[in-house]
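Worksheet for the structure shown next.
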Ligand code: 26V
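In the numbering used here, the protein residues as written are 125 to 898.
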């Protein structure tokens, strides 16, 4: 049966109405159910295959899947047929844009996990995901008087038709004083062409018993619901990073909850197949996505001991069963748990960790190496990255420069001990979502030129380069971008109420709000440009819309201050009739995966301006490159590899490099720069001279003081905004001067044509080869 028929049957079976009369939600449910029905056979066959073959498991606290309906239709090749069917009934497939994103992640790390799943399924590799089915994903963002407001994200408001609850495979997770059930919800991951369907298994926390009847009988109604509440809170919310401090205990519970259930699940399946557990690592390898799932290490040992192994045997298995990816060099993000907390919540896990630590001490002694910065239990804390580096068979960074930094600095004690464990696996993105789905116009253009092999082999894009010298081709390419910009402008007009059009340069910075990513530097440059337009020192400025998209962790006051500052700039600048034919600023609200899809297709300039040495990789940079934006960026993260692929002449690189910062950092005096550079001073002073209002909160003054004075926990201007300001502004003005010519669009074209390396297909192949051995 074709998909059209299946949908009609689904409508008839469940809704007793004609397709034309369905609500959008009903239509969505019918289409999703029909699609799910289509993949059953392949899905079962793939589950069976994984019982026979070695499988890699991606353990991650975050999976930022976005919307499934369109990507599944694309990967199944059913997009056109379904659109056609809906049309026949007077409906538009675009109506599914009302469907909520599954935003079970904060940013790059979670989206990377989702891209990897798409790539592995497309490549036919055995990779399944394990995570948490949060009741509420990343908060919804709105602005009130320019301040960020957060609201709960009820992502299953329209149900969750892409998941199946598998009651019979629930696990029990035991904490010191109580236990909960982990109930799996399985989401099929459909590879492009639908030859492989892998599985993302997300655990939901539920009480051991549904309802405490004894208590209810005794008229203790509140008590009767208590167990339910206690259990459900474990998977209730995704932690926005930076705010874990408040609910640290709950966060630790989440981490143990999903890793324990996942390890238990993998072991159960092996026992079912009668695999001897000492052969565990021949059948399974677990990739630890940052330190969040590292409790899986002591948990595996604990469970293997429960099944009769002694510690040494279990430890030997664990050493072959794990690999660890580091995603950040920010010290605050390397997790440490207080011994007291771990002991009180997970005494058995703590006991296993002590034995691992003893093993480590013995080994260090034998090699005559220092315990310094190596002990897992150290100073009353359990160091999760150290535990990961000690036990994992492989440790990797996510871009060349980042791997270099973790070897030389962040994890240098481990590199010294085990150089053979260290790998680089430069991140990637799936072109199925970020080009084929997000940018149908550019996709069609490319396919008309070089065929559609790029969809599964992105290096094919190289073939576009033979068209780069043709003016006509460059003009066609430019016209695709113009249409995409028109579409985004319309969307922004409707949703944000800001008037821009395709004649503007679309200069975008889309990523989580963080000091190191330096949205504030971008804001400063806009203030400088505004001043220059007002006083006439900047002439011939081509109209530019500076577009921001970002969420700030709710407890991260400075990040929220930066949002307010940019919104204040937007308010002033957009209303100024002297300049608003050339300068617009818009901070889009509730930036998420679906919003990103629209923005990447329409961007001219990709802002990647982190302080050198701080951004592990970045992946937004790759999405924007693929869409034909030029990078305005520092030599940091994957920007370096982007410039290497596209040619530095096709990007706009500025600012201090890691070596420069190394050289100056001990004698850096931002105050001197501030006092000696008039423009810089005037710009920074807008934080407290009354130009903009922070609503009396004092956050702007605090931002200024962080730059000039520092704080108890950091030096002044620890991300070198003032240092890079001048070269950034100059480079930005150069971008403006270059924009719009044939030469400009040729640069854009070269970016798209050179993006082949940044497919997550290449990354996943790297992990399979170097680390997973599958
Ligand atoms: C960051 C921070 C910053 C300091 C405060 C506490 C804290 C907690 C968590 C995080 C997020 C760290 C993990 C992360 O999302 N890393 C991102 O991973 C992407 C995929 O590898 C990579 O492209 C980004 O550069 C990296 O920031």
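All C-beta atoms in this analysis are idealised placements derived from N, C-alpha and C, irrespective of residue type, glycine included.
Every value quoted in this text rests on a predicted model; they were computed, and no experiment measured them.
Who does residue 596 pair with in a DSSP beta bridge? Here residue 596 refers to the residue found at position 472 of the chain shown. None, per the DSSP bridge assignment.
If you measure from each CB to the nearest heavy atom of the ligand ATP and keep those under 7 Å, what residues do you get, in chain order? With respect to small molecules bound, the structure shown includes the ligand 26V and not the ligand ATP.
Does the Cβ-Cβ distance between residue 824 and residue 598 come in under 7 Å? Taking the first residue of the chain shown as 1, we reach residue 824 at position 700. Taking the first residue of the chain shown as 1, we reach residue 598 at position 474. No. Outside cutoff.
Exposure label - residue 338; buried when at least 16 CB within 10 Å: Here residue 338 corresponds to residue number 214 of the chain shown, with the count starting at 1. So residue 338 ends up on the exposed side.
Based on Cα-Cα distance, which residue from 570, 237, 148, 782 lies nearest to residue 876? Counting from one through the chain shown, the residue named residue 876 turns up at place 752. Among 570, 237, 148, 782, the Cα nearest to that of residue 876 belongs to 570.
What's the call for residue 168, buried or exposed, on a 16-neighbour Cβ count within 10 Å? Numbered from 1 along the chain shown, position 44 holds the residue referred to as residue 168. The residue is exposed, with fewer than 16 neighbouring Cβ atoms inside 10 Å.
Which residue wins for smallest C-alpha separation from residue 616, given the options 174, 351, 723, 404? Position 492 of the chain shown, counted from the first residue, corresponds to residue 616. Selection 174, 351, 723, 404 evaluated against residue 616 yields 723 as nearest (Cα-Cα).
Is residue 896 helix, strand or coil when you go by DSSP? Here residue 896 corresponds to residue number 772 of the chain shown, with the count starting at 1. DSSP places residue 896 in helix when its eight states are reduced to three.
Closest Cα partner of residue 416 within the set 448, 403, 397, 442: Locating residue 416 in the chain shown gives position 292, counting from the first residue. It is 448.
Identity of the residue in 515, 746, 819, 130 nearest residue 761 by Cα: Position 637 of the chain shown, counted from the start, is the residue given in the question as residue 761. Minimum Cα distance to residue 761 is reached at 746.
Going by DSSP, name the residue or residues bridged to residue 328. The residue given as residue 328 occupies position 204 in the chain shown. For residue 328, which the question treats as bridged, DSSP gives the partners 307.
Minimum C-alpha distance to residue 891 - residue among 394, 841, 413: Counting from 1 along the chain shown, the entry for residue 891 is found at position 767. Of the listed residues, the one whose Cα sits closest to residue 891 is 413.
Specify, as a first and last residue, the run of the alpha helix (DSSP H) that residue 561 falls within. As a working mapping, residue 561 is identified with position 437 in the chain shown. Counting along the chain, residue 561 falls outside any alpha helix (DSSP H), and DSSP gives it neither H nor E.
Give the single residue among 682, 286, 841, 717 whose Cα lies nearest to the Cα of residue 790. On the chain shown, residue 790 is found 666 positions in, with the first residue counted as 1. Nearest option by C-alpha distance: 841.
Between the beta-carbon of residue 715 and the beta-carbon of residue 668, is there less than 7 Å? Residue numbering aside, residue 715 sits at position 591 when the chain shown is read from its first letter. Residue numbering aside, residue 668 sits at position 544 when the chain shown is read from its first letter. No. Outside cutoff.
Range covered by the beta strand (DSSP E) that runs through residue 228: For the purposes of this step, residue 228 is identified with residue 104 of the chain shown, where counting begins at 1. Where residue 228 is concerned, the enclosing beta strand (DSSP E) stretches over 226-228.
Going straight from the alpha carbon of residue 124 to that of residue 358, what length do you get? A question about residue 124 goes unanswered here, because the residues of the chain that appear run from 125 up to 898.
Using three-state DSSP, classify residue 601 as helix, strand or coil. Position 477 of the chain shown, counted from the first residue, corresponds to residue 601. If DSSP states are grouped into helix, strand and coil, residue 601 belongs with the helices.
Indicate the three-state DSSP secondary structure (helix, strand or coil) for residue 797 in the structure shown. Your numbering for residue 797 matches position 673 in the chain shown. Three-state result, residue 797: helix.
Between which two residues does the beta strand (DSSP E) harbouring residue 180 extend? For this step, residue 180 is matched to residue 56 along the chain shown. It spans 179-183 - the beta strand (DSSP E) in which residue 180 sits, taken as one unbroken run.
Within 10 angstroms of the Cβ of residue 659, are there 16 or more other Cβ atoms? Answer buried if so, exposed if not. As a working note, residue 659 is residue 535 in the chain shown. Result: exposed.
Could you give the distance in angstroms between the alpha-carbon of residue 846 and the alpha-carbon of residue 856? By one-based count along the chain shown, residue 846 stands at place 722. By one-based count along the chain shown, residue 856 stands at place 732. The alpha-carbon of residue 846 is positioned some 15 Å away from that of residue 856.
According to the Cβ coordinates, are residue 196 and residue 159 closer than 7 Å? As a working mapping, residue 196 is identified with position 72 in the chain shown. As a working mapping, residue 159 is identified with position 35 in the chain shown. Using a Cβ distance threshold of 7 Å, residue 196 and residue 159 count as a contacting pair.
Alpha-carbon spacing of residue 806 relative to residue 686, whole angstroms: By one-based count along the chain shown, residue 806 stands at place 682. By one-based count along the chain shown, residue 686 stands at place 562. The alpha-carbon atoms of residue 806 and residue 686 are separated by roughly 18 Å.
Who are the near neighbours of residue 810 in its chain, counting only those whose CB is closer than 7 Å to its CB and skipping five residues on each side? Taking the first residue of the chain shown as 1, we reach residue 810 at position 686. Only 651, 816 meet the Cβ criterion.
Span of the alpha helix (DSSP H) holding residue 160? Numbered from its first residue, the chain shown carries residue 160 at position 36. Residue 160 -> alpha helix (DSSP H) spans 148-176.
What did DSSP end up calling residue 410 once you bin it into helix, strand or coil? Position 286 of the chain shown, counted from the start, is the residue given in the question as residue 410. Correct three-state label for residue 410: strand.
So who's on the other strand from residue 776, going by DSSP bridges? Working through the chain shown from its first residue, we reach residue 776 at position 652. Bridge partners of residue 776: 756.
Cβ atoms of residue 883 and residue 552: under 7 Å apart, would you say? Position 428 of the chain shown, counted from the start, is the residue given in the question as residue 552. Position 759 of the chain shown, counted from the start, is the residue given in the question as residue 883. The answer is yes: Cβ separation under 7 Å.
For residue 309 versus residue 328, is the C-beta distance shorter than 7 Å? On the chain shown, position 185 is the one that residue 309 refers to. On the chain shown, position 204 is the one that residue 328 refers to. Cβ atoms of residue 309 and residue 328: closer than 7 Å.
Going by DSSP, what residues sit across from residue 729 in a beta bridge? As a position in the chain shown, residue 729 is number 605, starting the count at 1. Beta-bridge pairing links residue 729 to 631, 754.
At 3 residues or longer, and completely inside the stretch 242-291: list those beta strand (DSSP E) runs for me, N to C. 251-256, 264-268, 271-275
If distances are taken between C-alpha atoms only, which option among 253, 528, 307 comes closest to residue 293? Working through the chain shown from its first residue, we reach residue 293 at position 169. With respect to the C-alpha of residue 293, the residue from 253, 528, 307 having the closest C-alpha is 307.
Taking the alpha carbon of residue 276 as the point to measure from, which residue in 654, 285, 261, 586 has its own alpha carbon closest? The residue given as residue 276 occupies position 152 in the chain shown. Comparing Cα-Cα distances from residue 276 to each of 654, 285, 261, 586, the minimum goes to 261.
Start and end of the alpha helix (DSSP H) containing residue 552? Your numbering for residue 552 matches position 428 in the chain shown. Element bounds for residue 552: n/a, residue is neither H nor E.
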